[in-house]
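Colleague:
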Amino acid sequence: MGRKLAAAAAAVAVLALAACGGTTEPADDATAAADGGGATSSGDLVVVGFSQVGAESGWRAANTKSIQDTLTADNGFDLKFSDAQQKQENQIQAIRSYIAQDVDVIAFSPVVESGWDAVLEEAKAAGIPVVLTDRAVDSQDESLYVSFIGSDFVLEGQMAGEWVVENLGSEPLKVVELQGTTGSAPAIDRKEGFEAAIAGNDNIEIIASQTGNFTRTEGKAVMEGFLQANPEIDLVFAHNDDMGLGAIEAIEAAGLVPGVDIKIVTIDAVHDGMQALADGKINYIVECNPLLGPDLADIIDKVMAGESVEKRIVVEDLAFDQEAAIEALPTREY
Ligand code: GYE
0 MGRKLAAAAA
10 AVAVLALAAC
20 GGTTEPADDA
30 TAAADGGGAT
40 SSGDLVVVGF
50 SQVGAESGWR
60 AANTKSIQDT
70 LTADNGFDLK
80 FSDAQQKQEN
90 QIQAIRSYIA
100 QDVDVIAFSP
110 VVESGWDAVL
120 EEAKAAGIPV
130 VLTDRAVDSQ
140 DESLYVSFIG
150 SDFVLEGQMA
160 GEWVVENLGS
170 EPLKVVELQG
180 TTGSAPAIDR
190 KEGFEAAIAG
200 NDNIEIIASQ
210 TGNFTRTEGK
220 AVMEGFLQAN
230 PEIDLVFAHN
240 DDMGLGAIEA
250 IEAAGLVPGV
260 DIKIVTIDAV
270 HDGMQALADG
280 KINYIVECNP
290 LLGPDLADII
300 DKVMAGESVE
310 KRIVVEDLAF
320 DQEAAIEALP
330 TREY
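Using numbering that gives the first Met the number 0, the first residue of the sequence shown is number 0, and each one after it goes up by one.
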């Protein structure tokens, strides 16, 4: 959403008339919200306001689809969905809009870890439970959210690092790292996990590390810079498949063979990444499961029923080499 549109949407939301993302609320919602409608604002449906990070990667597309396919009217939900285009200010605005609309539950995937306390306190004061999906916040006050569903990103980085140590660590290895969005939980944690795994091995050296913002375009551009500045690169560790796929383009454009001249390890295991792994252009992928919709629906149902919910739900992830990717691809959901 552009700045102007976001501002306009927020202004209208104050009147409890509009949702973020440029859609207009049905009139009965506005009336119900003005009446303090809450759970009854859409008949029997549970009204959920979801603020998504953006559309930066294949992972995000699969995650959005899972949420939209699960939180349907047939399943008892009225989903209000907004895309923050990787900007925290847009997410804060969307959350304030959901508070103004008096939705039943707010869920969001925080683009960065810090800076959420104020808006989460506003949601708490309004009596609206918040569920974190995918990414964490660094708030010390855990009462600001009811549950956090997502993968263990430190473990993912560690699994990637362990594979590198075991398979490539017997000879000197110059590594470049493509980091995710600066300040985001997966970028911070995957870096930490990878570094911890390679720490004991003197052969492995990270010679350059920069953010590619989880996108293919930026991953490619950063890799081009790495290739120009470093005559010798043995391995790319990319915090997601998309940046790894961008790196493949840069490596090929430089006349080198990805997966052979320069090895590549990534995280996500979305379809395009798995295809590149099957084709031998990526060497190893640690999975990050984006299908969070069913768990989110389950948590929301429990919250609405007044049942207690787990504060932290850890999603289990697998890992794939070429052979495993070839085997998994035909039946993979994303
Ligand atoms: O790995 C990346 C996406 O937060 C786990 O965000 C998610 C990450 C995912 O852009 O592809």
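For each residue, glycine too, the CB sits at the ideal point set by N, CA and C.
(1) Helix, strand or coil for ASP267, going by three-state DSSP, please let me know.
(2) Is SER183 near ligand 1 - that is, is its Cβ less than 8 Å away from at least one heavy atom of it?
(3) Can you look up ILE91 in the DSSP assignment and give me helix, strand or coil?
(4) Please list, in chain order, all residues of the same chain as GLN206 whose beta carbon is under 8 Å from its beta carbon, the five residues on each side excluded.
(5) So ALA196 and GLY160 are in contact, right, with Cβ under 8 Å, and what is the actual spacing, rounded?
(6) Taking 8 Å as the line, does the beta carbon of GLU338 fall inside it for any heavy atom of ligand 1?
(7) Below 8 Å CB to CB, which residues in the same chain sit around ILE127 once its five sequence neighbours on both sides are set aside?
(8) Using only the heavy atoms of ligand 1, determine whether one of them is closer than 8 Å to the beta carbon of SER65.
(9) Can you name the start and end residues of the alpha helix (DSSP H) that PHE152 belongs to?
(10) Assign SER146 to one of two classes, buried (16 or more other C-beta atoms within 10 Å of its C-beta) or exposed (fewer than that).
(11) Which first and last residues belong to the alpha helix (DSSP H) in which ASP240 is found?
(12) Where do the ends of the alpha helix (DSSP H) carrying ARG59 lie?
(13) Using beta-carbon positions only, say whether ASN282 and SER150 come within less than 9 Å of one another.
(14) Determine the extent of the beta strand (DSSP E) in which ALA237 is found, giving its start and end residues.
(15) Quick one: Cα of ALA246 to Cα of ILE325, how far?
(16) Do ALA184 and PRO257 have their C-beta atoms closer together than 9 Å?
(17) Relative to the alpha-carbon of GLY199, which residue among GLN178, ALA220, SER169, PRO293 has its alpha-carbon at the smallest distance?
(18) How about ALA268 and ILE284: are their beta carbons less than 9 Å apart?
(19) Is the Cβ-Cβ distance between LEU177 and GLY243 less than 9 Å?
(20) Could you tell me the alpha carbon to alpha carbon distance between VAL118 and ILE91, rounded to whole angstroms?
(21) Could you check if VAL52 belongs to the surroundings of ligand 1, using beta carbon to heavy atom distance under 8 Å?
(22) Quick check: ASP201 and SER56, are their CB atoms within less than 9 Å of each other?
(23) Express the C-alpha separation of TYR333 and ASP316 in angstroms, rounding to a whole number.
(24) Out of ARG134, ILE263, GLY279, VAL302, state which residue places its alpha-carbon closest to the alpha-carbon of GLY53.
(25) Taking the alpha carbon of SER81 as the point to measure from, which residue in ASN74, GLN67, ALA72, GLU141 has its own alpha carbon closest?
Modeller: Here's the rundown:
(1) Strand, per DSSP.
(2) yes
(3) Here ILE91 sits in helix by DSSP.
(4) Note that residue 206 is Ile in the sequence shown here, rather than Gln. The residues are LYS173, VAL174, VAL175, ASN229, ILE232.
(5) 3 Å
(6) Absent from the structure is residue 338, since the part of the chain shown begins at 0 and ends at 333.
(7) TYR97, ILE98, ASP101, VAL102, ASP103, VAL104, ILE105
(8) no
(9) 152-167
(10) buried
(11) From DSSP, the alpha helix (DSSP H) with ASP240 extends over 240-252.
(12) 57-69
(13) no
(14) 234-237
(15) 21 Å
(16) no
(17) SER169
(18) Going by C-beta atoms, ALA268 is nearer than 9 Å to ILE284.
(19) GLY243 sits close to LEU177, with the two beta carbons spaced by under 9 Å.
(20) 7 Å
(21) yes
(22) no
(23) 14 Å
(24) ARG134
(25) Nearest C-alpha to SER81: GLN67.
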